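Beneath this line is the structure, given in structure tokens, with notes to follow.
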Amino acid sequence: MNSIRKIYNILIKEFKEQGWWPISSLKNKEGIDENGYHHKSYYYPETDEQIFEICVGAILTQNTSWKNVEKAITNLKQNNSLSVNSILELNQNKLAELIKSSGYHNQKARKLKEFAKFYIKNKNNIHREELLRVWGIGPETADSILLYAFRKEYFVIDTYTKRIFLRIGLCSQKISYNEFQSLIQNSIKKDYKIYNEYHALLVKLGKETCKTKPLCFKCLLKSTCSFSKNSKLLLKNSKNRKV
DNA sequence: TCCCAGGGGCCGA
DNA sequence: TCGGCCCATGGG
Numbered sequence: 184m185n186s187i188r189k190i191y192n193i194l195i196k197e198f199k200e201q202g203w204w205p206i207s208s209l210k211n212k213e214g215i216d217e218n219g220y221h222h223k224s225y226y227y228p229e230t231d232e233q234i235f236e237i238c239v240g241a242i243l244t245q246n247t248s249w250k251n252v253e254k255a256i257t258n259l260k261q262n263n264s265l266s267v268n269s270i271l272e273l274n275q276n277k278l279a280e281l282i283k284s285s286g287y288h289n290q291k292a293r294k295l296k297e298f299a300k301f302y303i304k305n306k307n308n309i310h311r312e313e314l315l316r317v318w319g320i321g322p323e324t325a326d327s328i329l330l331y332a333f334r335k336e337y338f339v340i341d342t343y344t345k346r347i348f349l350r351i352g353l354c355s356q357k358i359s360y361n362e363f364q365s366l367i368q369n370s371i372k373k374d375y376k377i378y379n380e381y382h383a384l385l386v387k388l389g390k391e392t393c394k395t396k397p398l399c400f401k402c403l404l405k406s407t408c409s410f411s412k413n414s415k416l417l418l419k420n421s422k423n424r425k426v
């Protein structure tokens, strides 16, 4: 079994299913937690509204913590603006005000409007190349939308994925997005559920242990991670050093 | 007060 | 093609 598959097995065994992508309208329903994560079902999203909400979340979460995105989504909902048509109709400054908590709100308001125009025309036949031509949609956001909203098999490469695999020693600093995506996609089964879950598991690991300042001592992957081994060595050497 | 967070566009070299 | 800079709020 290859290392990338092994890492998936370790993470899923310990962390269990993460239930991505969270959908606000599902909060506290049967089998769904208070934040909208559907841990036991991969059959979401079910409706056009749910699909569009995931797309909005993927754009709003660009370089932003999910908590700040949740506030923006709640605001949009309370203003009856979490739909394609209302985003198209809404004044851009008003839209920016509603999503202010997610940061970069002026840029993101424009991004939502550009995406909404695309969505209306392409929702029934969406293609990655065309999605990438939309202003404000880069490879990560495109793949999040394709994978989580449209259940298409594109592995999402984000900051956490890069950081974790770089530290483990499975990729180089200079690897491109597409090269990295191919590396992972060629190492695991082409399966929507696995792509969905693996990315979510990496985010959990990145948030909890493989942070900017890593907490290697409690990391599930410390036995296979070159960064963790090196940091242990550094710690040991520093302790042995006479002051 | 500083750092960081589920990126992407633009511009000059 | 690539590095540097800008966009911005909120929590720890």
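Quick note: the first sequence uses the working numbering, first residue 184, plus one each step.
Glycine included, every Cβ here is placed at the ideal spot set by N, Cα and C.
Since the structure is predicted, the reported quantities are computational estimates derived from the model, not experimental observations.
At a cut-off of 4 residues, the continuous stretches assigned as alpha helix (DSSP H) that sit fully inside the region 225-307 are 231-243, 249-261, 267-272, 275-281 and 288-305. Residue 211 sits in coil when the DSSP states are folded into three classes, being neither helix nor strand.
When only Cα atoms are considered, residue 289 and residue 353 end up about 37 Å apart.
Taking 7 Å as the cut-off, the beta carbon of residue 245 is found no closer than this to the beta carbon of residue 206. Annotated as proximal: residue 343 and residue 389, with beta-carbon spacing under 7 Å. Taking C-beta atoms as the reference points, residue 197 and residue 403 count as a pair closer than 7 Å. Distances from the alpha-carbon of residue 340 to those of 334, 349 and 363 put 363 closest.
Spanning the alpha carbons of residue 347 and residue 392 requires a straight line of approximately 10 Å. For the options 335, 411 and 345, the alpha carbon positioned closest to that of residue 367 is the one of 345.
The criterion of a C-beta distance shorter than 7 Å is not satisfied by residue 399 and residue 332. The Cβ atoms of residue 273 and residue 259 lie no closer than 7 Å to each other.
The three-state secondary structure of residue 316, taken from DSSP, is coil. Contact between the region 296-308 and the region 317-337 is established, with three or more Cβ pairs separated by less than 8 Å. Listed in chain order, the alpha helix (DSSP H) elements of length 4 or more contained wholly in the region 321-399 are 322-327, 342-351, 360-368 and 375-391. In its chain, beyond the 5 residues on either side, 225 have a beta carbon closer than 7 Å to the beta carbon of residue 376. In the structure shown, residue 200 adopts coil according to DSSP, grouped into three states.
Shown here, residue 187 sits in a helix according to DSSP, grouped into three states. Exclusion of the five residues before and after residue 251 leaves 284, 285 and 286 as the residues of its chain whose Cβ lies within less than 7 Å of its Cβ.
Around the beta carbon of residue 263, a 10 Å sphere encloses fewer than 16 other beta carbons of the protein chains shown; the residue is thus reported as exposed. Residues of the same chain with a CB within less than 6 Å of the CB of residue 309, apart from the 5 flanking positions on each side, are 333 in chain order. Annotation for residue 326: 311, 337, 338, 339, 340 and 364 place their beta carbon closer than 8 Å to its own, counting only its chain and skipping 5 residues before and after.
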